[in-house]
């Protein structure tokens, strides 16, 4: 069924279709519409789920750890401060290998209070062992959420479905809501590998001393590696059933590109437009959309970007004391290639600042004209675009 | 289905699949707890060494027959002791420091009453019959007790009693308002049921002793000296040696002879030999025989001991007014405080600090001249009347020597005109002093000597030469004999009588089975705690033999587990009812009261399976099983925290140094030096 | 003493609690009252370690070890999962120390209780962060030494009254209990088990290691705490009806303090102050009980 939906509501529909049994969430703008819609579903009986209105995000994820340990399908959503508060338990969830799915609405971290789009919240959690999937459109958001459950339960790792604050969460788009039968064909009932029971008691997450901890950690990495292939597989299956697929990365006009723009999230939509126009102007430019960020699809990235001369990464995030995070990851993935492109990092759109076509174009031009080779000064590794002069008002 | 099952990804997480039982946390231990039943102070104080803590435990659980049998293995006279024993156990009872002593005495009587009511037959452990026969002289409590224990040991026993009925002091010396004769008969009958033969009307004298070598394998002389009469004479001994003759100690304070003691104390009243003046004990005997004289008017009883008090109480019941004349203060009377209080309640008038100095007969009455006795605190109290006119006089002087004085009683069997038993002096080969008697072995034999004229001067030279062996080589040696010797011990009691009989039985058994060298150590092995009492159960290698001799102090009881609860008030006949007859004054108590009273017992040192040790163990290292205490410690896991030991309310466990589990049959620690007094 | 409970044990020997650990004794009794159909949530506390490290577990019931502050929240999730599966019989219990209850875990506890989640929360209180080495918590009593309140800086704040804090939530059932009164403890757990909604039991669990006293004194000291009114035994139902379970003789507190090394720096004057505080609190409790009795 086709409806015009907010991105948030697309998530909610997917959660309903997935037959989630326990939802636990704490409100934070701009995640609120997700959980409000889910609350409606539960109240109407459209979902057979328990909705725990916990008293903080940390408790939200804690409650899901409890529920998931009992072998039921679980979901939560949060943003920015909430995600940061969950940090301890993000590590816990992956260490406990619980297939929890969470939607994160990319929002800036305070101070100052800024509720608008910024990727630093999710990316700064990249070490926590969660699979991270970035979404560009409302449809993609719904589809990715369904796929997230499938993937999580297949490899026993938690999955974060990431969508941009307001640009995606609160933007209405036409979305195809699949019907339950089709979804059930794609997403089987949960058969948990971890489920406590009084019939066969055991303890979970007890002390793991030096002789076993590393092996447990390695097991997580093994699952992550496996997740790469499984993502592709499930993506293909989804395509079979619904006629849509997204890929871990999407390469647009990269085969003969001289310069490739690397983007994620809703900036991708703008970049598509700009790339089309530039191509029409004869520029040999391509676009690489990165969807799967963890596990990082290094092989695919090398394949696409290896032959390219320059890559201009647009990061709507930053890792202070270093560079934009997508840029870092790309550089690291490309480093081992004997022939590799120059990776130029551009920082734009933090705190919800609009990344317009002009901004994208400007980035392209700078990449093409000014930055011919890797900057010798490390400070040149990240170019902050569109900064105004400010005084600190002292 | 468009999806297929994929291979499971590695899932190595912190998830348990084993228990912690692989951790033998017992290796942490540096202190170790152990079940270690100890000795309660009451058992040590009981001359018969009864296992009182265990008796109370069984009684509190309603196991009355088992409790009664626990008495019987140490004392064949629960019904008697439960009525007339002075209960030294209660005086040292740890519970008295908490609220009030346990009513051991009353509960013992209850058990006997219950056994009697339901005609219970005790199951007593006995050894196989032996060929040896033992002769016992005297069917008083001491002789009967000896016969009883000897029978349990398998010996054939013949008891020779001069009187017409067995019982001795029990039959003739305790009025029925304290001890009904039926009780005595029943308990003696039970002794007979063990195979003991009592031959009444058989006095035991020199001729008897001379026959013993051929007629029996051992002798126990327990004649008792409570039947002296004025014709008997005293024998001086060295003041320091404490040597003496076997006598009935139950009658010690009943001894009615007033004789001048070596220190000059004691009473001799001019005129005391006049006809009509009788012995107090004689009165008791007549009452017991049913020949009580008719009395009226004031009757004087001279003395302050047991015999005096009871004689006075009999006088009251016979219809006369009793006036008790005692030389020292009331508080100095050797009779029991309870007895004195009862006498006063019954209307006996006590004239203390008063001594008779002359008695005259005047027209069918007696006139006694009295004088206030000189004591340190003379002057307090009412002045004594100058004279007393009475219809009858009974002489019942207290003769129990003060502690530390040598004993001097004596006596022969009834009907034996002038027989005196005399023992070879201490230090002689073949003579062994026991706790309650003297063992004389075959090689030396015992001899009788001729009565000595008391007016004769003390013999010169070493006592043994003067009045030891008769020196007649023609006399055949006697069988080994135990004489109830009196050590310099101020207190004499029924319980001591039983104790002496038990000791004699054990001593003779050791002598006959293992020889002289085994006697002392064999008896010591059965000692209850650090005291003199012996345990027959220990002698028979019962569980009690494995108990530690360490005595439990009040401070070692965990009183957190006990609540204040009052000791019962002994139900009695109303005062007015008491003096109307000789009916028993103390009444029966119900089973429920008995159980509740028995519950008050701390069971010091005895495991009563309360289960605290198991319940509070943090490591579940105390497990129930078939061992004697119903549970044992799993030393694989016991960390030695000691909670079990502290939470054992009755100190039946010990926490000691050492990480290793205790060896099986862990030797019991010996009693520490310097044990403080009870 | 015959306890009227199932004689079965639900934990194993070989756990690594200190000798004399009150928390181990508490667990043993509580499990007897709860029996098999129980899922236990264990936030960081001594029992996170006592239960044994991988691959062992000292408990015979399923348990989830969780992060420190999550006791109430994880239990809420466990409960939700069970309910969704149609299992309303299995008891969900959070087993936490005082740190994970009074301090860092208080939010989650309060949240769960406010939502009236159907679970039992048991706090075994050894009055400090014992697992990390005896640091002060808000449950540490007035007067105590800890490693973060050493020498002159001994704790001069009163112990937080967790039961009253939860009573203010109108919790269906809250009670105190002590390892020295096992029958009372077991009865309360059984009673709590049968109630729906949030239930809280605060167990006094001695710690010989942290309190600096001999290991054999664990039960005795716990009993003394009750007998001196330092730790009264009482229940509150519906946040309104108070029942004091035991009216002890009210022994003076001095001996209780003298037996523990963590109090040895206190002067007679300090002890007098403490005696007054104890009297005050006891009286306050009695007034409440009288005003709002069952």
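Protein chains in written order, with our numbering: chain A, 1 to 394; chain B, 1001 to 1678; chain C, 2001 to 2294.
Glycine residues also receive a C-beta, built at the ideal position from the N, C-alpha and C atoms.
How about residue i and residue j: are their beta carbons less than 8 Å apart?
i, j, result
"residue 2285 (chain C)", "residue 2244 (chain C)", "yes"
"residue 1480 (chain B)", "residue 1438 (chain B)", "no"
"residue 180 (chain A)", "residue 105 (chain A)", "no"
"residue 1083 (chain B)", "residue 1185 (chain B)", "no"
"residue 1019 (chain B)", "residue 2057 (chain C)", "yes"
"residue 2160 (chain C)", "residue 2142 (chain C)", "no"
"residue 1011 (chain B)", "residue 219 (chain A)", "yes"
"residue 2239 (chain C)", "residue 65 (chain A)", "no"
"residue 395 (chain A)", "residue 8 (chain A)", "Since the first residue of chain A shown is 1 and the last is 394, residue 395 (chain A) is not available in this structure."
"residue 285 (chain A)", "residue 259 (chain A)", "yes"
Given a threshold of 16 other Cβ atoms within 10 Å of its Cβ, counted over all protein chains shown, does residue i qualify as buried or as exposed?
i, result
"residue 74 (chain A)", "buried"
"residue 2021 (chain C)", "buried"
"residue 1474 (chain B)", "Residue confidence for residue 1474 (chain B) is low, a pLDDT of 47 falling below 50, so the modelled location carries little weight and cannot support an answer."
"residue 378 (chain A)", "exposed"
"residue 1200 (chain B)", "exposed"
"residue 116 (chain A)", "buried"
"residue 2224 (chain C)", "buried"
"residue 210 (chain A)", "exposed"
Could you name the residues of chain C that residue i contacts, counting a contact when the two beta carbons are closer than 7 Å?
i, result
"residue 1058 (chain B)", "Ordered by position in chain C, no residue passes the 7 Å Cβ test against residue 1058 (chain B), which lies about 17 Å from the chain."
"residue 15 (chain A)", "Under the 7 Å cutoff, chain C gives no residues; its nearest Cβ is about 14 Å from residue 15 (chain A)."
"residue 92 (chain A)", "2067"
"residue 22 (chain A)", "2077, 2080, 2081, 2084"
So residue i contacts chain B; which residues on that side make the cut at Cβ distance below 7 Å?
i, result
"residue 2072 (chain C)", "Correct list: empty, because the minimum Cβ distance to chain B is about 22 Å."
"residue 215 (chain A)", "1012"
"residue 96 (chain A)", "1013"
"residue 342 (chain A)", "Correct list: empty, because the minimum Cβ distance to chain B is about 37 Å."
"residue 155 (chain A)", "1009"
Residue i touches chain C at which residues, Cβ-Cβ below 8 Å?
i, result
"residue 88 (chain A)", "2067"
"residue 960 (chain B)", "Residue numbering for chain B in the displayed model covers 1001 to 1678; residue 960 (chain B) lies beyond these limits and cannot be assessed."
"residue 53 (chain A)", "2115"
What does residue i reach in chain B if we use C-beta pairs closer than 9 Å?
i, result
"residue 2223 (chain C)", "1560"
"residue 205 (chain A)", "1013, 1014, 1015"
I want to verify the contact list: residues of chain A whose CB lies under 7 Å from the CB of residue i, in sequence order.
i, result
"residue 2083 (chain C)", "50"
Listed from N- to C-terminal order along the chain, which residues in the segment 1001-1028 of chain B have their beta-carbon within a distance smaller than 8 Å of any beta-carbon of chain A? 1001, 1002, 1003, 1006, 1008, 1009, 1010, 1011, 1012, 1013, 1014, 1015, 1016, 1017
Members of the segment 176-203 of chain A near chain B, C-beta cut-off 8 Å: 185, 186, 188, 193, 194, 202, 203
For the segment 2003-2025 of chain C, which residues have a beta carbon sitting closer than 9 Å to at least one beta carbon of chain B? 2003, 2007, 2009, 2011, 2012, 2013, 2014, 2015, 2016, 2017, 2018, 2019, 2020, 2021, 2022, 2023, 2024, 2025
Using a Cβ-Cβ cut-off of less than 7 Å, list which residues of the segment 2283-2294 of chain C approach chain B; keep chain order. none
Chain-ordered residues of the segment 2203-2217 of chain C with a beta carbon less than 9 Å from chain B: 2208, 2214, 2215, 2216, 2217
Three or more beta-carbon pairs under 8 Å between the segment 1044-1063 of chain B and the segment 1559-1567 of chain B, yes or no? no
Segment contact flag, the segment 276-283 of chain A with the segment 306-319 of chain A, C-beta cutoff 8 Å, min 3 pairs: no
By the 9 Å beta-carbon criterion, what residues does the segment 55-72 of chain A contribute toward chain C? 55, 56, 58, 59, 60, 61, 62, 63, 64, 65, 66, 67, 68, 69, 70, 71, 72
Can you list, in chain order, the residues of the segment 207-238 of chain A whose Cβ is nearer than 7 Å to any Cβ on chain C? 207, 208, 209, 212
Select from the segment 1631-1645 of chain B all residues with a C-beta closer than 8 Å to any C-beta belonging to chain C, and list them in chain order. 1634, 1636, 1637, 1639, 1640, 1641, 1642, 1643, 1645
Count Cβ pairs between the segment 1018-1038 of chain B and the segment 1601-1619 of chain B that sit closer than 8 Å; are there 3 or more? yes
Give me the subset of the segment 288-318 of chain A whose CB atoms are less than 7 Å from a CB atom of chain E, sorted by chain position. The chain inventory of the structure shown lacks chain E, comprising the protein chains A, B and C.
Touch check for the segment 92-100 of chain A and the segment 2107-2116 of chain C: three-plus C-beta pairs under 8 Å? no
Count the CB pairs spanning the segment 1097-1115 of chain B and the segment 1213-1220 of chain B that are closer than 8 Å, and state whether there are at least three. no
Given 8 Å as the limit, is there contact between the segment 2032-2048 of chain C and the segment 2186-2193 of chain C, that is, 3 or more CB pairs closer than that? yes
Mind the definition here: the segment 1276-1286 of chain B touches the segment 1310-1324 of chain B only if three or more C-beta pairs lie below 8 Å; say whether that holds. yes
Kindly confirm or deny that the segment 1541-1552 of chain B and the segment 1499-1519 of chain B touch, where touching means at least three C-beta pairs closer than 8 Å. no
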